[in-house]
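Student: Let me give you the structure first, and then I'll get to my questions.
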Amino acid sequence: MAILEAEHIKAYYSTRRGYVKAVDGVDLVQEKDVITGLAGESGCGKTTMVNTLMMNVRPPLHLVDGTIVLDGNVISEMDRSTLKKKVWGVLVSLVPQSALNALMPTKRIIDYITDAVSYHMAVSNSEVASMARRRFEELNLPVEALSMYPHELSGGMKQRAVIAISTLLNPRLLIVDEPTSALDVSTQKQVLKMLVDLRKAEIIKSMMFVTHDIAILRQIANQITIMYAGKVVESGSATDILYDPRHPYSHGLMNAVVTPEPEVRKRGLISIPGEPPDLIDPPKGCRFHPRCSRATEICRSMEPPLVREGNRFLACHNPLPA
Amino acid sequence: MMPPIVKDLLKIKKLDVSVVIFSGIMLTGVFGSTVYPVDPVAMVGPPEQPPSNLFPLGTDSWGRDLLALLLSGIKSSLYIGLTAALIAAAIGIVIGVISGFKGGLTDSSLMLLTDIVLVLPSILLMILIAAYLRERNPLLVALMIGVTSWPWVARAVRSQMLSLRTREFVYMSRMAGLSDTRIIFLDLVPNMASYTFMAFVLLMSGAMIAEAGLSMIGLGVTRGTSLGMILYWAQLLESVRRGLWWWFIPPGVCLVALAASLLLLSTALDEYFSPRLKGG
Amino acid sequence: MNPLVRFLARRIGFLAITFIVFLIIIFALPRAIPGNPLATILARIFQQSQSSPELVKAVEKKLMEEFGLGKPLHVQFLEFVSRLVVGDLGTSIAFYPRKVAEIVFVYLPWSLGLLIPATLVSWVVGNLLGALAAYRRKTAADNVLLPVFLTLSQTPYYWLAMLLLYGLAVTLRIFPIGGAYTPAIAPALTMHFIIDVLYHYILPFLSIVLGAMGNWAIGMRAMVIYELGADYVSYSDSLGLPDSKILRYVFRNSMLPQITGLAINLGTMLGGSLITELVFSYPGTGYLIFRALTTLDYPLIQGAFILLISTLLVANFIVDLVYAYLDPRIRTSYVGE
């Protein structure tokens, strides 16, 4: 059973030079109780994708086409106030990319939490306080942080606090955008551990996170979806994608990282030549073909459809052999 | 043909409007006396006449042609504004650069000086100085204004310096062994060029208003005229209460138009040179 | 030490230094300018001689004593400061033998009565309108308001005063043409008098409010536009917080720099309002200084200035207090610049 089903999603930015097709015809399904990693180069549309998935769409971004069903609700047809009241924070929460500045700087954490929670639930301040305390304890966060101001906390603390706050209303799906960029390695570990703890404690059962860092995918993802230039190119279980990628781009991504694992090291480091395409006027046919060493005639003229191949989805005319 | 930056700037509507208004008035002032060669200080007609075909802006209590006075006043105000702005810009930039670049005790003491001058109202300081001076020529007035209006520039330039000096290209210059002065002039100053221009425009706008204020209280130029001096005489001779609107309205309109167009120009430049990171 | 206390101590220290620097300037100026100012004053008095030779002699003697010319500089300065401490600002020349302090205190309340409410009202209204313009950016409201604010911010209060006086008092005769109250009425705490004062108060008040409002509006508008793009705004939005709540956050945070701006602008507003008094013949310190300048009554000018600057520095400190109270970042971890 899927918690989120998105069909034919097209989300474009309107700019003076034309439409930037950040997400251009994507079908995506997030199953329950699964952690999905959404990966790809910077600028491939991942952040736009996840914002669109929860219908956080404001001009100049427009949802040009598509349907999104979240936990049985067709959220793509809801207006902003319904989304705010019924969906955001309650059904789905998004932890933004730069969580460091996401907290209201002139309010104590607990006061901010009270504002957020009491809008959705009719609870007293003391009930909110105990909720918050409990959640912080569950996630190994210092309870003292609650009565502090954001500037009194370290970067890692802030990041983890924001994640914790996003889970307070027990959303069915948690989306985390780049959980570890702008953090040092030890803090990254703490954040990842927290995400895992959230699953273990069954506070959050279904999670999607966006990253361009393959190492994180390796550590916590169950499923991986690879995006390129506004389209999904490959999607499957983490083991499949990490160790047996079939799309040339996925292959390139997985092998661009230095790892100590011997099987990977044998294959050597590969970097993908070229640059991501201009999303206002993307290449004809397969968008990856200009950079692909396996490109053939058909790749240049016809866009490959996303088809099921065993346990994975693949959009490629000339994939790597299994 | 035209450098690309000029082409881009011309596309901004705010900029076009402000430049048109400002140059319009400026050119009127500069060339006005050639087109309308009436002596501003001569008594050429009956006193306190409303505008007519003979005197497009009427006459004042001494029978002087107010249009001629206005043209002369625009020129004078522009001159004082420009000079004062140059002086203030020079002081502010020098202090800001040294303070931001050197840091430490130099920085703290210069910033203390800056804050003191910032807190003390410039108009009051100017009144104090001017009160003891018997003769005040335009240059002296410009000097007084310049010497009291530089603090905000110094602070802004200092912040720019502080952020620029930690950038990579400065480290590279240091590694290459360039002396401090060369680093300042080759690396840092060119990066502040756009801000400097904006600051100058704002300074000029403020200086013209300051000159008018000083004149209003009787401490403007002792010889000659300026927009502020016309208003001073208008006020002293009770032109408002006696309904002589042609005396005090045109100089004020010119002053506001000049200052506002400069402000608009600086806003347009600001938007162009520092695009917002979000929204916009 | 409590960071808040540290912050306030620093501010008091700075304001005290500023005051001392100002005293030094005021002390040094008449003594530094070439051309003996004292002689000029005396020449003036001789010229306007409705005064008897004895009076002139007395004034000269008093001046010599108070300015202490002839004694070594540091002695002069010490005498100057010690007199200041007991509140002796010297003796006026034009109003001899009245003491400066006494004269200024008659005029000062009228200035403060005008300046303080006008500052507060222009600040509040200006910020509200600026926030409105920012929220309604790119709509008709903003497109009309912005040029208006721009122009207003560059319009001197005293010229606005002339316009208002001409339009509403001379032409339309709705308001009186000057003064703080009708001369025929004797000042007393009666309703009649108070209404008369208010009636005379409106135009000067409006001139300052309208003149100062534009500056605040522009600043607030820029701040709010900037804040609206901040991360906490988009995060709060995505958590489902209502727009009204988020707007309140934005206003709260945008206000802080505006309070700092208030401290910086107090001096300019003071200067502007002093000049505005001239247009209305409003009996405040500006009017007093203007007259003192024409009679070259240096002790009076000096004394008025000292009082004005003291008031200004105190006001600055009050604004600092308010800011420290509102910004938790100061209260919990002020490190200094």
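Residue numbers (the working numbering), protein chains in the order written: chain A, 5 to 326; chain B, 20 to 299; chain C, 56 to 392. Note that CB positions come from ideal geometry on N, CA and C, so glycine has one too.
1. Give every residue of the same chain whose Cβ lies closer than 6 Å to the Cβ of serine 258/B, excluding the five residues on either side of it in the sequence, and list them in chain order.
2. Please classify threonine 226/C: does DSSP put it in a helix, a strand, or coil?
3. May I have the straight-line CA-CA distance separating histidine 247/C from glycine 234/C, to the nearest angstrom?
4. Within this structure, are the beta carbons of leucine 184/C and alanine 279/B separated by less than 8 Å?
5. Please report whether the beta-carbon of lysine 297/B lies at a distance below 8 Å from any beta-carbon of chain C.
6. Give the secondary structure of glycine 298/B by DSSP, where H, G and I count as helix, E and B as strand, and everything else as coil.
7. Reducing DSSP to helix, strand and coil, say where glutamine 34/A ends up.
8. Please name the residues in the stretch 163-193 of chain C whose beta-carbon is closer than 8 Å to at least one beta-carbon of chain B, in chain order.
9. What residues in the stretch 143-155 of chain C have a beta carbon less than 7 Å from any beta carbon of chain A?
10. In the stretch 270-292 of chain C, which residues sit with their C-beta less than 8 Å from some C-beta in chain A, listed in chain order?
11. For isoleucine 72/C, return the contacting residues in chain B, with the cut-off set at a CB-CB distance below 8 Å.
12. Identify, in the order they occur along the chain, each residue of the same chain with its Cβ nearer than 7 Å to the Cβ of glycine 22/A, setting aside the five sequence neighbours on each side.
13. Can you confirm whether threonine 110/A, when its beta carbon is compared against all beta carbons of chain C, has any partner nearer than 8 Å?
14. Which chain C residues sit within Cβ distance under 8 Å of isoleucine 97/A?
15. Arginine 295/B to serine 178/B, Cα distance in whole Å?
16. Tell me whether arginine 62/A is buried or exposed, calling it buried when 16 or more other Cβ atoms sit within 10 Å of its Cβ.
17. Counting beta carbon pairs with one atom in the stretch 51-65 of chain B and one in the stretch 62-79 of chain C, are three or more of them shorter than 8 Å?
18. Is tyrosine 23/A close to chain C? Criterion is C-beta to C-beta, closer than 8 Å.
19. Threshold first: 4 residues or longer. Then list the alpha helix (DSSP H) segments lying entirely within the stretch 263-307 of chain C, N to C.
20. By the DSSP assignment, the alpha helix (DSSP H) with leucine 171/C in it spans what residues?
21. Nearest to leucine 214/A by alpha carbon, out of Leu32/A, Ser18/A, Ile7/A, Ala43/A?
22. Given proline 312/C, which residues of its chain have a CB within under 7 Å of its CB, disregarding the five upstream and five downstream residues?
23. State yes or no: is the beta carbon of aspartate 375/C nearer than 8 Å to at least one beta carbon in chain A?
24. Strictly under 8 Å for the Cβ-Cβ distance: is isoleucine 148/B near chain C by that measure?
25. When the Cα atoms are used, what is the spatial distance from isoleucine 24/B to isoleucine 179/A?
26. Between the Cα of asparagine 174/A and the Cα atoms of Pro146/A, Arg139/A, Ala26/A, Asp83/A, which residue gives the shortest distance?
27. Quick check on DSSP: helix, strand or coil for histidine 216/A?
28. Would you verify that the beta carbon of proline 69/B is, or is not, closer than 8 Å to some beta carbon of chain C?
29. Label lysine 314/A either buried or exposed according to how many other C-beta atoms from any shown protein chain fall within 10 Å of its C-beta, with 16 as the threshold for buried.
30. Tell me which residue opens and which closes the alpha helix (DSSP H) that glycine 232/B is part of.
31. Is it true that the CB of serine 168/B sits closer than 8 Å to the CB of alanine 229/B?
32. Looking at C-alpha atoms only, which residue of Gly225/B, Leu277/B, Leu233/B is the closest neighbour of alanine 107/B?
33. My guess is that serine 262/C and alanine 216/C are in contact by the Cβ rule of under 8 Å, so how many angstroms apart are they, rounded?
34. Of all the options Val189/A, Asn60/A, Glu45/A, Gly70/A, which has the alpha carbon lying nearest to the alpha carbon of aspartate 31/A?
35. Could you give the first and the last residue of the continuous alpha helix (DSSP H) run that contains valine 60/C?
36. I need the straight-line Cα distance from methionine 306/A to asparagine 322/A, nearest angstrom please.
Tutor: In this structure, then:
1. Trp266, Phe267
2. helix
3. 16 Å
4. no
5. Because lysine 297/B sits at a pLDDT of 31, beneath the cut-off of 50, its placement in the model cannot be relied upon, and the following sentence gives the value as read from the coordinates. So yes, lysine 297/B belongs to the interface.
6. The predicted model places glycine 298/B with a pLDDT of 33, which falls under 50 and marks its position as unreliable, so this point remains unresolved.
7. strand
8. none
9. none
10. Ala285, Asp286, Tyr287, Ser289, Tyr290, Ser291, Asp292
11. Leu131, Ile135
12. Ile284
13. yes
14. In the sequence as presented, isoleucine is not what sits at residue 97/A; that position holds serine. Under the 8 Å cutoff, chain C gives Ser293, Leu294.
15. In this predicted model, arginine 295/B has a pLDDT of only 45, less than 50, meaning its place in the structure is not dependable; the value taken from the coordinates is given anyway. Using only the alpha carbons, I get a separation of about 18 Å.
16. exposed
17. no
18. no
19. 286-293
20. Correcting the residue type first, residue 171/C is isoleucine in the shown sequence and not leucine. Isoleucine 171/C -> alpha helix (DSSP H) spans 155-190.
21. In the sequence on display, residue 214/A carries valine and not leucine. Of the candidates Leu32/A, Ser18/A, Ile7/A, Ala43/A, the one whose C-alpha sits nearest the C-alpha of valine 214/A is Ala43/A.
22. Met278
23. no
24. yes
25. 43 Å
26. Arg139/A
27. coil
28. no
29. Sequence check: residue 314/A is glycine here, not lysine. Glycine 314/A should be labelled exposed.
30. 212-235
31. yes
32. Gly225/B
33. 4 Å
34. Gly70/A
35. 58-87
36. 12 Å
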